[in-house]
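Worksheet: the structure to be examined is printed underneath.
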Amino acid sequence: MKILTMVAAAVLLLAGGSLAQEEIITLTAAEVVGRVLKIHPGIQEALEAVEEARGHALQEGLWPNPELEAGAEGLHGNRGGDWLAGVSQRIPLFGARALARKAAEAGVAAAGQQALLREKELTALAEMAFYEALAAQESRRIAENNLANAAAMAEMTRQRFEAGDIAEMDWLRAAAEENHQEAELEVLRIREETALAALTVLCALPPGAKPVLEGTLLPEEQAFPDAAVVAERLGSAPAARALELEAEAAAGEVKALKREALPEPEVHVGWRQERAEKQNAVDFSVSFDLPLFDRNQGAIAGARARARRLEAARQAKVQEDCRQALTLLGEGKAALKEAHLVREKNFPKLEDACRALETALTLGGVSLFEVLAAQQEVAEMRMHLLDLDHRARHALIELEALF
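According to the numbering used here, the stretch in the sequence shown is residues 241 to 643, in order.
Shown next as C-alpha cells:
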C-alpha cells in the first residue's frame with residue numbers, strides 16, 4: 241500500500257511539474273504592446289535622452305560664478321607692501337543666457353517628441369510580431385483543415401478501391417495528396433513556432449510559457465483615416481514635430497549667439513590694506529571685452545545653417561511620409577475591400593461547388609481529379625483571404641506608426 245501511495249505521489253508531482261513547465265498565457269495585441277512598452281530598453285533610452293536635454297537646458301540658464309581673489313603686493317621687510325582681496329562678477333545684461341535656455345528648452349520638447357516617436361515604433365514592432373504570429377497560427381489551422389479533408393478523401397478512395405469501384409490510381413492520387421498536406425502542415429507548424437518564439441522573447445515571457453493568441457487579423461474599415469486628413473495628421477506627428485522643435489532650438493541658438501557676442505561688463509570690487517600705515521582702501525573697476533576679432537561669426541553661421549537644414553528636413557519628412565501614408569492607405573483599403581468581396585461573394589460559391597463535387601464523387605458522378613482540384617482551389621482561396629487580411633493589417637500598422 242505504501243508503495244502504491246509513493247508511486248501515485250510521484251506521478252502527481254511529475255504531472256504538476258509538466259503543467260508548470262507549460263504555462264499557457266493568453267495574449268491580445270493590446271497586452272503585447274503593453275508588455276513591450278513596459279520592458280523594452282528603448283523606452284528608457286528615450287526617457288534618459290529627455291533628462292539629458294533637460295539638464296543641458298538647466299545649465300544654459302545659470303549665471304557665471306563670481307571670482308574671489310586674495311593676495312599681497314610689494315611685500316618687503318616686516319611692514320612693507322599691501323594686503324589685497326576682491327570679488328569679480330560678470331553681469332549678463334543682454335539676455336544671452338535666457339535666450340540660450342529658451343533654445344535648450346525647445347531641445348527638451350524635441351527630445352520628448354523623439355520619445356513619443358520611439359514609443360510609436362515599438363508599438364508597431366509589437367503589433368507586427370503579434371499579427372505575424374496570429375497569421376501563422378491561422379495558416380496552421382487552415383493546413384490542419386486541409387489535411388483532415390485530404391485524409392477523409394484518401395480513406396474514402398481506399399474503401400472504394402477495395403470494393404472495386406475505382407481504379408488504384410485514384411486511391412494513390414488521394415494518398416499522395418494527403419502526404420502533401422502533411423508536409424505543408426509541418427512547414428506551417430515550424431513557421432508558427434518560430435513566430436511564437438520571437439513573440440515570447442519580445443514580451444519576455446517566463447521560460448516554458450506557451451502563448452495563445454486572441455484577436456482578429458482583418459482590421460475594421462473605420463480604422464483607416466480619410467486621405468484628406470493624412471497631410472494634416474502628418475504635420476503634427478512626432479517625427480515632424482521633433483524636427484520642427486530642433487529647428488526652433490537652432491534658431492534660438494542663433495539669437496543667443498548674437499547676444500553673446502555683445503560685450504558684457506565685469507565688475508570688480510576689492511579691498512586693500514597698507515601694512516605700514518594700517519590704512520584700508522576700496523578698489524572698484526568695470527571692464528568690457530572688445531569684440532574686435534571674435535564675434536561668434538562662425539558659430540552664428542553654423543547655427544543658422546543648421547536651422548535651415550532642419551526645416552528643410554522637416555518639410556522633406558512630411559512630404560515623404562505623406563507619399564508613403566497614401567500608398568499604405570491605398571494598399572490597406574484595397575486589401576480590405578477585396579477580402580470583403582471574396583468572403584461575401586466568391587468564397588461561399590467555391591465551398592458550395594466543392595461540397596457538391598464531393599457528394600457527386602460518392603455517387604460516382606465525377607472523377608477524383610475534379611474533386612481534388614476543387615478542394616485545392618478552396619484551400620488556396622482560404623490562404624489568399626488570410627494573405628489579404630495580413631496585408632490590410634500590416635498596412636494599417638505601418639500607417640499608424642507614421643502618425
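Just so it is clear, CB atoms sit at the ideal spot from N, CA and C, and this is done for glycine as well.
Cα atoms of A574 and H624: separation of roughly 14 Å, rounded to the nearest angstrom. Around the beta carbon of R548, a 10 Å sphere encloses fewer than 16 other beta carbons of the protein chains shown; the residue is thus reported as exposed. Separation of the CB atoms of L608 and L601 is rounded to 7 Å, and the pair is thereby assigned contact status at 8 Å.
Counting only residues of its own chain and dropping the five nearest sequence neighbours on each side, L530 has a CB closer than 8 Å to the CB of P503.
Taken in chain order, the complete alpha helix (DSSP H) segments of 4 or more residues contained in the stretch 551–613 are 587–603. T266: member of the beta strand (DSSP E) spanning 264–267, first to last residue. Under the 10 Å beta carbon count, V611 is surrounded by 16 or more other beta carbons and is classified as buried. Listed in chain order, the non-local C-beta contacts of L628 below 6 Å within the same chain comprise A575, E578, A579, local neighbours out to five positions each way being set aside. Taking 8 Å as the cut-off, the beta carbon of Q329 is found closer than this to the beta carbon of V507. Where F401 is concerned, the enclosing alpha helix (DSSP H) starts and stops at 336–402. With a cut-off of 8 Å on Cβ pairs, the stretch 374–394 is in contact with the stretch 611–621, counting three or more such pairs.
Boundaries of the alpha helix (DSSP H) around W411: 408–443. Under the three-state reduction of DSSP, E472 is assigned to helix. By the Cβ neighbour-count rule, T363 is buried, with 16 or more other Cβ atoms within 10 Å of its own. For H508, the pairing in a beta bridge is given by DSSP as S328, S525. The bridge partners DSSP lists for E514 are D322, Q519. Taking each of V452, A293, L458 in turn and checking the Cα distance to K342, the smallest one comes out for A293. Under the Cβ criterion (8 Å, minimum of three pairs), the stretch 511–528 does not count as touching the stretch 475–491.
Its chain contains A593, C594, L597 as the residues whose beta carbon lies nearer than 7 Å to that of A614, once the 5 sequence neighbours on both sides are disregarded; these appear in chain order. Taking V606 as the centre and dropping the five residues before and after it, the same chain places the C-beta of L597, A600 closer than 7 Å to its C-beta, in chain order.
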